[in-house]
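The structure appears below as structure tokens.
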Amino acid sequence: MSSARSILVTGGTGSFGQKCIRTLLADPSIKRIVIYSRDELKQYEMSQKFTDSRLRFFLGDIRDRNRLCRALERIDTVIHAAALKQVPAAEYNPMEFIKTNVLGAENLIEACLDAEVKNVVALSTDKAAAPINLYGATKLCSDKLFIAANNVKGSRDIRFSVVRYGNVMGSRGSVIPFFLDRRKTGVLPITDPAMTRFNITLEEGVALVQHALEKALGGEIFVPKIPSYRITDVAEAIGPDCVKPIVGIRPGEKIHEEMVTSTDAMQTIMTDRYYIIFPSSNQGLEATKKRFCDHHNGTSVPPDFAYNSGTNSEWMTVPEIRALIREHVDPSFDLT
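Residues 58 to 393 in my numbering are what the sequence shown spells out, letter by letter.
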């Protein structure tokens with residue numbers, strides 16, 4: 058994990074957090090990992106699974122800047138995974154999402170600047186690109202805050218960057234666990250038969266964060282090159298004999314998701330594994346692009362480029378979806 062020695066993970070008890078912690082603990086050079094979250098039950102349950110002496114559990118909310126400042130003492134690296142994420146809940150409770158996802162991000166940025174943290178990576182979502190729902194809008198605001206934080210760091214030795222990716226296979230509240238549970242009823246509700254989504258495994262998400270921690274200059278949004286799936290193919294993979302009624306999309310949902318919009322294209326470069334949206338700079342577009350291309354060994358994307366789950370060139374097949382479910386979600390999954 059590059060030069061990281063003492064790491065704080067906000068939202069560390071979630072699906073991503075637990076996979077990330079397990080990966081971090083495999084690195085003997087890391088001396089301390091602080092799990093910062095507000096759910097005491099999840100922290101207790103996690104402490105029973107992870108007994109490594111390098112772990113610390115710190116109860117707190119990212120809405121509380123003073124508590125964050127205390128948790129960040131002697132921390133050199135921060136992975137920011139804490140957020141409110143459910144799209145319908147955001148539409149009904151917008152201010153709660155703003156307080157956590159936007160104001161909480163600002164609290165963390167200010168606390169990191171004061172605590173002499175060296176490296177910060179914030180997790181984003183495909184819903185932050187051209188958002189149409191409140192959740193996506195709050196994450197776009199969060200992304201902008203973390204990128205802009207590089208402008209106010211002064212002489213501090215600190216880098217802020219963002220990773221943006223699609224649906225995490227098997228994460229809580231996602232479609233695959235939902236379909237696996239509903240398969241028992243014989244009915245899998247389909248929101249829209251044309252719907253597509255990007256897919257990433259937890260392992261790939263953690264690897265993306267590691268890449269950002271090790272390679273970021275500061276100000277990048279890292280986007281992985283990952284496959285898409287059709288919601289109808291997920292339903293076929295999980296319940297081929299189930300009834301699949303069309304129930305309509307929920308408030309704030311898109312048919313297809315984006316991770317790089319056509320407007321972003323002028324500030325996007327690509328490498329073998331990633332697209333990288335670089336920040337604007339008073340050095341000018343071409344000079345800034347050259348600096349990030351040289352650092353990441355990247356090249357420009359076409360002027361009309363966009364990265365959309367519906368026009369993606371890589372697609373998961375039904376057998377591939379089934380294989381990934383067995384590997385990453387439910388080893389006992391079968392169709393008997």
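Glycine residues also receive a C-beta, built at the ideal position from the N, C-alpha and C atoms.
Predicted model only: the values in this text are computed from it and were never measured.
Taking residue i as the reference, give the member of the options with the closest Cα.
{"i": "R287", "options": "T70, I278 and G367", "result": "G367"}
{"i": "I247", "options": "L392, R221 and V300", "result": "V300"}
{"i": "D214", "options": "E163, A273 and N224", "result": "A273"}
{"i": "V225", "options": "W372, G262 and T345", "result": "G262"}
{"i": "N369", "options": "L180, P281, E271 and L160", "result": "P281"}
{"i": "N365", "options": "A61, A344 and K184", "result": "K184"}
{"i": "F390", "options": "R240, T356, D361 and A187", "result": "R240"}
{"i": "L129", "options": "S218, D351 and E173", "result": "E173"}
{"i": "I166", "options": "G223, K210, D96 and A186", "result": "K210"}
{"i": "R383", "options": "G227, G193, T242 and K156", "result": "G227"}
{"i": "Q100", "options": "A187, G341 and Q75", "result": "Q75"}
{"i": "E97", "options": "A83, I278, D84 and F114", "result": "F114"}
{"i": "G309", "options": "R79, Y149 and S63", "result": "Y149"}
{"i": "P388", "options": "K156, L237 and L197", "result": "L237"}
{"i": "V386", "options": "I278, K175, V232 and V304", "result": "V232"}
{"i": "A264", "options": "A186, D200 and R330", "result": "R330"}
{"i": "V304", "options": "S63, V244 and L197", "result": "V244"}
{"i": "C198", "options": "D298, D171, L392 and K156", "result": "K156"}
{"i": "D361", "options": "M323, K142 and L160", "result": "M323"}
{"i": "D298", "options": "T374, G193, E271 and T242", "result": "T242"}
{"i": "S212", "options": "K347, A380, S104 and K175", "result": "K175"}
Could you please give me the residues that DSSP links to residue i through a beta bridge?
{"i": "Y364", "result": "V317"}
{"i": "L65", "result": "V91 and V135"}
{"i": "A128", "result": "DSSP, once it has assigned bridges, lists no residue as partnering A128."}
{"i": "F114", "result": "I92"}
{"i": "N397", "result": "Residue numbering for the chain in the displayed model covers 58 to 393; residue 397 lies beyond these limits and cannot be assessed."}
{"i": "I155", "result": "Beta-bridge pairing links I155 to no other residue."}
{"i": "V177", "result": "V135 and F217"}
{"i": "T248", "result": "Beta-bridge pairing links T248 to no other residue."}
{"i": "T108", "result": "None, per the DSSP bridge assignment."}
{"i": "T325", "result": "I334"}
Is the beta carbon of residue i sitting closer than 7 Å to the one on residue j?
{"i": "F154", "j": "T195", "result": "yes"}
{"i": "G296", "j": "P336", "result": "no"}
{"i": "A269", "j": "V178", "result": "yes"}
{"i": "N256", "j": "P302", "result": "no"}
{"i": "L81", "j": "A147", "result": "no"}
{"i": "I132", "j": "L65", "result": "yes"}
{"i": "D321", "j": "I333", "result": "no"}
{"i": "T318", "j": "A363", "result": "yes"}
{"i": "S86", "j": "G68", "result": "no"}
{"i": "R122", "j": "N164", "result": "yes"}
{"i": "L202", "j": "A140", "result": "no"}
{"i": "R307", "j": "P151", "result": "no"}
{"i": "R229", "j": "S72", "result": "yes"}
{"i": "M316", "j": "V358", "result": "no"}
{"i": "T289", "j": "P234", "result": "no"}
{"i": "F217", "j": "N208", "result": "no"}
{"i": "M252", "j": "I189", "result": "no"}
{"i": "V266", "j": "I136", "result": "yes"}
Assuming residue i and residue j form a contact by the criterion Cβ under 8 Å, report the distance between their Cβ atoms to the nearest whole angstrom.
{"i": "L125", "j": "A168", "result": "4 Å"}
{"i": "I92", "j": "T70", "result": "6 Å"}
{"i": "R111", "j": "R127", "result": "Actually they do not touch by this definition, with Cβ atoms about 19 Å apart."}
{"i": "V220", "j": "L259", "result": "Going by Cβ atoms, the distance from V220 to L259 rounds to 13 Å, so no, they are not a contact pair."}
{"i": "I378", "j": "V291", "result": "6 Å"}
{"i": "F349", "j": "G355", "result": "7 Å"}
{"i": "T134", "j": "A83", "result": "With a Cβ gap of about 16 Å, T134 and A83 do not count as contacting."}
{"i": "G223", "j": "E371", "result": "Incorrect: roughly 12 Å between the Cβ atoms, too far for contact."}
{"i": "D351", "j": "I278", "result": "18 Å between Cβ atoms; not a contact."}
Would you say residue i faces chain D, with C-beta separation under 7 Å as the test?
{"i": "K106", "result": "Here chain D cannot be found, since the structure has a single protein chain."}
Length-filtered (4 minimum) alpha helix (DSSP H) runs lying within the segment 327-390: Taking only runs of at least 4 residues, the alpha helix (DSSP H) segments lying wholly in the segment 327-390 are 342-353 and 375-385.
Give, in chain order, every unbroken run of the beta strand (DSSP E) that is at least 3 residues long and sits entirely within the segment 179-244. For the segment 179-244, whole beta strand (DSSP E) runs of length 3 or above, ordered along the chain, are 216-220.
Runs of beta strand (DSSP E) lying entirely within the segment 273-306, each at least 3 residues, in chain order: Those beta strand (DSSP E) runs which fall completely within the segment 273-306 and span 3+ residues are 278-281 and 285-287.
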